[in-house]
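Colleague: Position 68 of the sequence shown, counted from 1, bears residue number 82 in my numbering, the numbering being contiguous throughout. Glycine is no exception: its CB is placed at the ideal position from the N, C-alpha and C atoms.
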Amino acid sequence: MPHRTPILPAAILPTAATARNVLARHGAPVPALDEKRLLELLETDLTLSPMDRVNCVNLFMLDTANLNSYAPRNRNGVNTMKLIIGNRNYSSWSLRGWLACKQSGLHFEEMAVPLYGAEWDALRRTEDFAPSAGKVPILWDGEGPDAAVVWDSLAIIDYLADKVGRDRFWPKDNAARAMARSMVAEMHSGYLALREQLPMNIRKRFDRVEITPEVRADVVRILTLWAEARARFGQGGPFLFGTFCAADIIYAPVVSRFLTYGVPVPGFASAYMEAVWTHDWMQAWIAAAQSEVWTIEKFEEPAL
Ligand SMILES: N[C@@H](CCC(=O)N[C@@H](CS)C(=O)NCC(=O)O)C(=O)O
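Below is the structure:
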């Protein structure tokens, strides 16, 4: 395997524990690693399969981006959750998982990985991605044998709502909650045309894109639901059910898509979209997406 010297940082020592763990898992000696020793090991240690070597380099590459190690850490006895997400610019499910963590009010660390890049195929096969079979978002909560891991955006919402109380995520009113839950489920399992043909791309703006009849049907259905939620239950604030809740979390990437592709919407919807877009958490996510350097070519154009 060729040296990957340009990738490795000069000061690699803070992350040596990560590599030691990887190497130890595979029965390799556990050395006091420095950059030179790591490269030697990757070159010569026959107990590492080629895939393991790639994985090891990937872990170091992630660390070079200052992304820390995967495992959740326990700081001063305070349990820390760790959320693994994909590219903030493109990964709509990651955005939902992240907003859910913010909504929980709990402390969490986040680690973004570049989806579909050169290393993604190897990375998604590593242990930390095993629970979801290589999909993001993944939420790790706790350490060791008692650690809980939950993946899939909707499961993350449910898990966090169990932890901090249902009312933080769902409307209190029974009829409103019934509708919110149904809308969330519908987004999670449906709108395939919208999801496939208009990929989320926070950074990009197109002039009004000519959408297909299938996407139009999804858009009309979504606008109908937004209108009903706002009209029946939205009196308490600018969001679907008044205050920001799980339904807004799940539809936030739709807001982004409508903006990116210039989907025309009626006034009530653009007021709602404005409320979502200018929400502090969305602004923080958007800023991070803007400064992300990773690009996924296949999501740079609509797939119409
Ligand atoms: N149903 C899952 C979907 C997760 C998903 O498909 N995530 C995409 C990124 S948005 C992913 O991990 N793609 C990487 C891959 O499939 O290799 C959820 O709600 O979280």
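On the DSSP letters alone, give me the boundaries of the alpha helix (DSSP H) that L273 sits inside.
Modeller: Where L273 is concerned, the enclosing alpha helix (DSSP H) stretches over A260 to T274.
Colleague: According to the Cβ coordinates, are F247 and M193 closer than 9 Å?
Modeller: Yes; because the gap between Cβ atoms is below 9 Å, this pair is in contact.
Colleague: With a cut-off of 8 Å, do at least 3 Cβ pairs link the segment 266-283 to the segment 100-112?
Modeller: Counting Cβ pairs under 8 Å, three or more are found: they touch.
Colleague: Got a sec, what are the start and stop residues for the beta strand (DSSP E) V223 sits in?
Modeller: Where V223 is concerned, there is no enclosing beta strand (DSSP E), given that its DSSP letter is neither H nor E.
Colleague: Taking only runs of the alpha helix (DSSP H) that begin and end inside the segment 110-139, which ones reach a length of at least 4 residues, in chain order?
Modeller: DSSP runs (the alpha helix (DSSP H)) wholly in the segment 110-139: 134-137.
Colleague: If contact is defined by three or more beta carbon pairs under 8 Å, each pair taking one atom from either stretch, is the segment 285-300 in contact with the segment 220-228?
Modeller: Too few Cβ pairs lie closer than 8 Å, so no.
Colleague: For ligand 1, any of its heavy atoms closer than 8 Å to the Cβ of R138?
Modeller: Within the cutoff, so yes.
Colleague: Does the beta-carbon distance from E124 to I152 come in below 9 Å?
Modeller: Contact: no.
Colleague: Only counting the same chain, and skipping five residues up and downstream in sequence, which positions put a Cβ closer than 7 Å to that of F272?
Modeller: Only V279 and M287 meet the Cβ criterion.
Colleague: Rounding to the nearest angstrom, what Cα-Cα distance links L212 and C115 in this structure?
Modeller: Cα to Cα, the separation comes out at about 26 Å.
Colleague: Where does A161 sit, in a helix, a strand or coil, going by DSSP?
Modeller: A161 falls in the coil class under three-state DSSP.
Colleague: Have a look at T292, A207, H293 and A303 and flag the residue whose alpha-carbon is nearest the alpha-carbon of P316.
Modeller: The residue with the shortest Cα to Cα distance from P316 is A207.
Colleague: Could you tell me the alpha carbon to alpha carbon distance between L174 and P185, rounded to whole angstroms?
Modeller: L174 and P185: Cα-Cα distance of roughly 15 Å.
Colleague: Taking 8 Å as the line, does the beta carbon of V150 fall inside it for any heavy atom of ligand 1?
Modeller: V150 Cβ: within cutoff of ligand 1.
Colleague: I need the straight-line Cα distance from A289 to E314, nearest angstrom please.
Modeller: If I take the Cα positions, the gap works out to 26 Å.
Colleague: For V277, does the count of other Cβ atoms within 10 angstroms reach 16, so buried, or fall short, so exposed?
Modeller: So V277 counts as buried.
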